[in-house]
Amino acid sequence: MLFILNQLVVLTKIVELIKILYNLNKEDAMQLFNLPLNEVIQHIINGITVGAIYSLIALGYTMVYGILKMINFAHGEFLMMGTYVSLLIWDSLRKGGNNPFFYILAVICGMIFSAILGVTVEKVAYRPLRKSLRLAPLLSAIGVSIILSNLAALIFGTKSKKFEYPFSNSPVVIGMVSITPHQILVIAASLFLMFFLTLFINKTRWGKAMRAASEDIDTASLMGINVDGIISLTFAIGAALAAIAGVFMGMEYKVYPTMGTMAGLKAFIAAVFGGIGNIVGAMVGGIIIGLLETFGVVIFGIPQGLKDTISFLVLILILIVKPTGLLGKKLKEKV
Amino acid sequence: MTNFLLLLIIYIGIYSILSLSQNLITGFTGLLSICHAAFFAIGAYTTAIYLVHTNGSFWIALLLSALISTLSGFLIGLPSLRLRGDYLAIATLGFGEIVKNLIINLDSITRGPMGINNIPSPKIFGFVFNPAVKLNYVVFVWIFVFITFFTLKRIVHSRFGRALEAIREDEIAASTMGINIVLYKVVSFTVGAFFAGIAGSLWAVYNQSVAPQTFDFILSVMVLCMVVLGGMGNNLGSIIGAAIIVTTSELPRLLGFSNIFPPQINQMVFGLLLVLVMIYRPQGILTRKRVDFEKLLSKKIKMEGKS
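First to last, the sequence lines map onto chains A and B. The numbering of the first sequence is this note's numbering, which starts it at 1 and goes up by one. The numbering of the second sequence is this note's numbering, which starts it at 1001 and goes up by one.
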């Protein structure tokens, strides 16, 4: 009874919200943001681009957390290493001409390298700790992340490098807004990858095994699922997605040894926002964090230097108000 | 050479205070917090700003540092300590980044990335402590280390400390025993922040300058590494851990190899240490001393059998 009442209250609130949004006409919308409409749309597009990158990274966090219940602190470093490998291959191939085929080849090589790295790290640093203290894998992951970022600084140098575009990145004007080819690529590729990941997880045998393992790892192994294999697969997919996100970041910004740390943290926040362990949640959370960041700078006049602070404040707020996130399940405490 | 050894001893002392306080939070209460650099920074900057602007007494600066650090520990602790272990780690990490970001961006107070220089040397009982005379500082810093060590020892062996250990072992069981988990966690966190603030204050007056680069994420990890290496839940272990980590990180400079070994190698060693210790000796160098009830019980049974 109480449950139904609760649902009714939520429903009426949603109806009210829709009414308010419906009654808003163009002028009201402008007043809401205190900006002209085309600028609002422009910022939304920019926010979605950044958010799509966060989503791709957040998927890795959320998939690993779903199965192993651990935060893979080294995820940002998988991203960085994959990006560097792509960059090296792309830079050496680019001399023969700006061929988009070489670009795709470079990105795929980076993804494969990142996936191999992820599987290796899991085997070496996380697997021996699966049965030990709760803090152990977390500390080990922090250790791995420090090793990898310093290794990259040693091998590739601390100077930041640019990932050149395979196409000319002059913006295309559509209606009132301008979109760069890079933004189109990021949004299209992210949608494509997320669509196939969802299909993979929901429709294939391996995906089913993954879902079973994240439900209950011990029971899954009793049912004859190769749990170690599934965990390796999860790390491989997560790291490969992170590598492609890293390439997108490297084209827009720069490639440097600590690029994974901040991006990884924000993606983690996105994963928590959407409900950690939930794949759709990670996608939605990433885009919302991207939008919040863009609009935080524009509307509230937060200085660019404090942009990163917005996400952390959001994180602390979510953790206080709704620790399970938007779409997360409530975990029962076992005695 | 002697000068360098003395410098090493001073650094070990300051880091020992940090690792001891981290040990109370992580080793005894079982909370993985990675924002000790933030408390350290708050302590150091408070002392620096106070001494530069007022040229006042060192004791007031020390007290202010400790209090503001405690307050910030309370503010971050209150919301985030309702969270489970790994969420707490991320929330504290976020807090550490926020503090560093604020220090870099609040130019008018902290002078941004340049940091604050020319902090006056403390005058204590009419005696000026000059950083050039290192021996004075060795005594001065290590007095604080001993104060921290014995205070924490008393805390850990009190009723309060036992409650903390109960929370570490099993939160649900502890709460059914009537322990107010959130309260105890917050108090443990704020006590840790208090001592980290003191360490920051000492750091500021010894170095005579503070800069935001010092208080990086890697510093928090280093402190955590000290605790883990020495053995979580062992105070003496924390000091030993601090000694090992500080010595290894300063050794290349001591031997004149700093040109050959870039600083990255050092940090990689910390990372490697964390992973290896976790895999091969998760209890650290010195293990946690615990009362062995089975032994006590069997002794008692034997004694009763005799009588």
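Positions of the beta carbon are idealized from the N, C-alpha and C atoms, including for glycine.
Residues sharing a beta bridge with residue i, DSSP
i: F196 of chain A; result: Beta-bridge pairing links F196 of chain A to no other residue.
i: K1295 of chain B; result: K1295 of chain B pairs with nothing; no bridge assigned.
i: F1127 of chain B; result: B:I1124
i: S178 of chain A; result: A:V173
i: I276 of chain A; result: DSSP lists no partner for I276 of chain A.
i: V255 of chain A; result: A:K161
i: I1116 of chain B; result: B:V1210
Buried/exposed call for residue i, threshold 16 Cβ in 10 Å
i: T62 of chain A; result: buried
i: T219 of chain A; result: exposed
i: P1113 of chain B; result: exposed
i: V1210 of chain B; result: buried
i: N278 of chain A; result: buried
i: E1304 of chain B; result: exposed
i: D1170 of chain B; result: exposed
i: H1053 of chain B; result: exposed
i: S140 of chain A; result: buried
i: S1298 of chain B; result: exposed
i: S1019 of chain B; result: buried
i: K1185 of chain B; result: buried
i: A282 of chain A; result: buried
i: P257 of chain A; result: buried
i: M223 of chain A; result: exposed
i: Y1280 of chain B; result: exposed
i: T294 of chain A; result: buried
i: F1127 of chain B; result: exposed
Residues near residue i by beta carbon distance below 7 Å, same chain, minus five either side
i: A240 of chain A; result: M111, S114, A115
i: M1177 of chain B; result: A1166
i: F266 of chain A; result: Per the sequence shown, the amino acid found at residue 266 of chain A is Lys instead of Phe. These residues qualify, in order along the chain: Y54, I289, S311.
i: I231 of chain A; result: I67, L68, E122
i: Q183 of chain A; result: I45, T49
i: P1122 of chain B; result: F1058, F1129, V1205
i: P336 of chain A; result: Outside the modelled stretch of chain A, which goes from 1 to 335, sits residue 336 of chain A, for which no answer is possible.
i: A245 of chain A; result: I53, L56, I57, L79
i: L1051 of chain B; result: A1061, I1119, P1120
i: E252 of chain A; result: H182
i: R1168 of chain B; result: F1028, T1029, G1030
Own chain partners of residue i with C-beta closer than 6 Å, once the 5 adjacent residues on each side are dropped
i: T1047 of chain B; result: A1061, S1065, S1201, A1204
i: L1219 of chain B; result: A1037
i: I1239 of chain B; result: S1016
i: A213 of chain A; result: I67, A220, V227, I230
i: T83 of chain A; result: G246, V247, G250, V255
i: I1103 of chain B; result: T1110, P1212
Nearest-angstrom Cβ-Cβ length linking residue i and residue j, presumed shorter than 8 Å
i: A1199 of chain B; j: G1096 of chain B; result: At roughly 15 Å, the Cβ-Cβ gap does not stay under 8 Å, so A1199 of chain B and G1096 of chain B are not in contact.
i: L1274 of chain B; j: V1228 of chain B; result: 6 Å
i: A270 of chain A; j: G250 of chain A; result: So it is not a contact: roughly 19 Å between Cβ atoms.
i: K1153 of chain B; j: N1234 of chain B; result: Incorrect: roughly 11 Å between the Cβ atoms, too far for contact.
i: K1134 of chain B; j: P1212 of chain B; result: At roughly 26 Å, the Cβ-Cβ gap does not stay under 8 Å, so K1134 of chain B and P1212 of chain B are not in contact.
i: D308 of chain A; j: M262 of chain A; result: 6 Å
i: F1270 of chain B; j: G1161 of chain B; result: With a Cβ gap of about 29 Å, F1270 of chain B and G1161 of chain B do not count as contacting.
i: G325 of chain A; j: G275 of chain A; result: 3 Å
i: L1031 of chain B; j: L1067 of chain B; result: Wrong, their Cβ atoms sit about 22 Å apart, outside the cutoff.
i: A74 of chain A; j: V144 of chain A; result: 4 Å
i: M186 of chain A; j: F248 of chain A; result: Residue identity check: residue 186 of chain A is Val in the sequence provided, not Met. 5 Å between Cβ atoms; contact.
i: N1105 of chain B; j: L306 of chain A; result: 6 Å
i: M1268 of chain B; j: I147 of chain A; result: 5 Å
i: G350 of chain A; j: L313 of chain A; result: Given that chain A is displayed from residue 1 to residue 335, the structure contains no residue 350 of chain A and the question cannot be resolved.
Contacts around residue i, its chain only, beta-carbon distance under 8 Å, and the 5 residues preceding and following it disregarded
i: Q1283 of chain B; result: G1231, M1232
i: G1192 of chain B; result: S1021, Q1022, L1024, I1025, S1033, H1036, F1039, G1073
i: C109 of chain A; result: V85, S86, I89
i: L1008 of chain B; result: V1246, T1247, E1250, L1254
i: M1278 of chain B; result: V1228
i: I1301 of chain B; result: none
i: S1188 of chain B; result: L1024, I1025, F1028, T1029, L1031, L1164
i: V280 of chain A; result: T198, G274, L327
Contact list for residue i against chain D, beta-carbon separation under 9 Å
i: N46 of chain A; result: Looking at the structure shown, chain D is missing, and the protein chains on hand are A and B.
*Looking at C-beta atoms only, is the number of pairs between the region 177 to 187 of chain A and the region 37 to 55 of chain A that lie closer than 8 Å three or more?*
Result yes; three or more Cβ-Cβ pairs closer than 8 Å.
*Do the region 1132 to 1144 of chain B and the region 1008 to 1019 of chain B meet, that is, are 3 or more Cβ pairs less than 8 Å apart?*
When C-beta atoms of the region 1132 to 1144 of chain B are compared with those of the region 1008 to 1019 of chain B, three or more pairs fall below 8 Å, so the two segments count as touching.
*Would you be able to state if there are at least three C-beta pairs under 8 Å between the region 320 to 329 of chain A and the region 70 to 82 of chain A?*
Touching, no.
*Take every Cβ of the region 129 to 141 of chain A, pair it with every Cβ of the region 193 to 201 of chain A, and state whether three or more of those distances are shorter than 8 Å.*
The region 129 to 141 of chain A makes no contact with the region 193 to 201 of chain A: fewer than 3 CB pairs, one atom from each, lie closer than 8 Å.
*Are at least three pairs of beta-carbons, each pair with one atom in the region 95 to 108 of chain A and one in the region 161 to 168 of chain A, less than 8 Å apart?*
Three or more beta-carbon pairs separated by less than 8 Å link the region 95 to 108 of chain A to the region 161 to 168 of chain A, which places the two stretches in contact.
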